[in-house]
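1 is the number of the first residue of the sequence shown in full-length UniProt numbering; add one for each residue after it.
Each remark here refers to the structure printed beneath this line.
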Amino acid sequence: MSLPSPAGTPLLGHLWRWSTNPVRLLQDGARTGDVFRLRLWRTAVVGYTPDWNRAVLGDLDTFRSIGSLSGLTPYLSAGVVYQDNPEHDPRRKELNPHFHARALDHLLERLDLVGRADLPTGRFEALGWASDVVRRMLNAAFFANTMPDRLLADFLHPLQRAAPGPMIPRPLLFRRLDAAIAAILADPPPGSLAEAMSGMDGAVAEIRVGLAAGYDTTAHTLAWALWHLAGAPEWRQADTLGQVLDEILRLYPAGWLGSRVTARDTTASGVHLPANTLVLYSPLLTHRDPRLWPDPHAFRPERFDDGRPAWGFLPFSAGRRTCLGAHLARAMLLAALRPWSDAKLAQLEGDPTPSAAIALRPRGPLHLDRRW
Ligand code: HEM
């Protein structure tokens with residue numbers, strides 16, 4: 001079947017648009033059809049309906065991770081992120097119990113301490129603040145704060161650089177971080193995720209990839225959340241923060257694009273996909289589809305009173321590859337937002353429009369002001 005395609009150039013296809021403004025390219029593609037084709041360095045087939053999401057995310061044996069876009073960055077081409085079956089399922093079975101909501105209960109106090117420490121006063125930039133808070137919370141959760149903050153910052157910083165920053169191999173830095181993780185695992189602080197994972201084969205790589213997968217995703221989500229809460233004080237109370245988070249994750253899903261490679265000929269949404277096709281799903285497109293979400297560009301947390309469409313809300317993906325850190329991310333976000341409930345907070349200036357890096361990020365910066 002021939003698929004529609006957004007405008008490109010005969011020679012480069014969509015590569016130029018992909019490297020300059022992939023969000024706009026995807027949005028233009030979505031206007032051409034529910035499933036469309038992009039000519040990148042290889043052909044990619046993109047879909048965003050619930051039906052497509054179910055097909056692509058529901059069958060791990062056909063839609064594989066190895067060979068997908070995660071392989072483009074050393075930060076994500078390791079551990080469970082970049083494993084397929086038969087290895088993936090047993091690895092998740094080992095990891096899942098340590099990341100369940102109940103298993104994280106004992107970390108909440110530590111996260112709250114970080115969230116309450118040193119709230120900025122006066123003018124500050126939300127992304128910088130959020131990145132510091134999330135880095136400290138990851139250190140608290142994984143290592144009970146025993147990882148040198150400077151080393152963690154050095155490791156995580158390139159993830160927020162413009163392309164090709166996050167794609168560049170940094171073997172020395174990775175080795176330094178791995179050595180520090182291994183040292184902590186050898187004598188893990190009680191009650192830390194490192195302690196929970198200390199007996200596991202490949203724990204160093206799993207922790208490294210967990211830090212990378214959890215850092216700018218959570219930090220950018222937090223920055224957007226605080227920005228919107230500054231403009232909507234009525235939503236700052238603890239009992240409605242869960243809905244606010246859902247709405248922020250709907251509008252700005254940090255994991256804006258997911259990729260798989262077909263292991264065999266198959267079909268999804270009635271479209272034939274030959275073996276070895278690069279297949280993309282996009283929570284960003286799904287979450288802004290007016291057929292699923294009325295008035296999709298508006299910030300309206302109350303919309304979650306009415307539930308959510310099946311396979312139509314995917315901030316943490318879905319199926320057996322759903323985000324390992326979803327509960328941890330929510331716990332960090334709530335702990336970071338709760339202290340702001342009574343603050344006098346105002347938006348100064350900024351641009352929250354989503355722009356694409358490895359994780360979706362505000363075109364930003366987002367300047368806020370806090371008064372006593
Ligand atoms: C708001 C924050 C976060 C968002 C929006 C997010 C989003 C996602 C998404 C969409 C995926 C699926 C990617 C795919 O396979 O197509 C994913 C996978 C994953 N995430 Fe998160 N994530 C967040 C925070 C975290 C945190 C804090 C951790 C720390 C443990 C983490 C660890 C992982 C891992 C290990 C996977 C791979 C799971 C697998 O393939 O079995 N994430 N995340």
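Just so it is clear, CB atoms sit at the ideal spot from N, CA and C, and this is done for glycine as well.
- For Pro90, the secondary structure class from DSSP, reduced to helix, strand or coil, is helix.
- Within the same chain, Val80, Glu206, Leu324 come within 7 Å of Leu95 by CB-CB distance, once the 5 residues on both sides are set aside.
- Proximity of the beta carbon of Tyr281 to the ligand HEM is indicated: a heavy atom of the ligand is located closer than 8 Å.
- By the Cβ-count criterion, Ser19 is exposed, with fewer than 16 other Cβ atoms from all chains shown falling within 10 Å of its own Cβ.
- The three-state secondary structure of Thr267, taken from DSSP, is strand.
- The DSSP assignment places complete alpha helix (DSSP H) segments of no fewer than 4 residues inside the region 31-118 at 50-58, 88-99, 108-116, in order along the chain.
- For Thr353, the secondary structure class from DSSP, reduced to helix, strand or coil, is coil.
- The beta carbon of Ile248 is closer than 7 Å to those of Thr221, Trp224, Ala225, His228 in its chain, skipping five residues each way along the sequence.
- Between the ligand HEM and the CB of Ser317, the shortest heavy atom gap is smaller than 8 Å.
- Comparing alpha carbon positions, the residue from Ala343, Ala78, Arg361 closest to Gly350 is Arg361.
- Under the Cβ criterion (8 Å, minimum of three pairs), the region 230-247 does not count as touching the region 98-117.
- Around the beta carbon of His100, fewer than 16 other beta carbons lie within 10 angstroms, which makes this residue exposed.
- Straight-line spacing of the CA atoms in Val134 and Gly231 works out to 22 Å.
- In the structure shown, the three-state DSSP call for Thr9 is strand.
- Across the set Ala336, Gly122, Asp265, the C-alpha of Ala336 shows the shortest separation from the C-alpha of Met137.
- Leu366 is positioned such that its CB atom lies closer than 9 Å to that of Ala126.
- Between Ala130 and Ala219, the alpha-carbon positions lie close to 5 Å from each other.
- Assigned with DSSP and collapsed to three states, Gly122 falls in strand.
- Nearest to Arg116 by C-alpha distance, out of Leu57, Asp34, Leu334, is Leu334.
- If only complete runs of 3 or more residues are kept, the region 142-225 shows no beta strand (DSSP E) anywhere.
- In the DSSP assignment, Thr262 falls within the unbroken beta strand (DSSP E) covering 258-262.
- For Arg250, the enclosing alpha helix (DSSP H) starts and ends at 241-251.
- In the DSSP annotation of this structure, Pro362 is not part of any alpha helix (DSSP H); the continuous beta strand (DSSP E) holding it starts and ends at 360-362.
- In the structure shown, Asp306 falls within a helical segment according to DSSP collapsed to helix, strand and coil.
- For Leu328, no beta strand (DSSP E) run applies; the uninterrupted alpha helix (DSSP H) run containing it begins and ends at 326-337, by DSSP.
- Here DSSP, grouped into helix, strand and coil, assigns Gln347 to strand.
- Per DSSP, Arg17 is one residue of the alpha helix (DSSP H) stretching across 15-20.
- Sequence-distant Cβ neighbours of Leu348 in its own chain, meaning closer than 7 Å and more than five residues away, are Arg123, His367, Leu368, Asp369.
- Of the other Cβ atoms in all chains shown, fewer than 16 fall within 10 Å of the Cβ of Asp61; this residue is therefore exposed.
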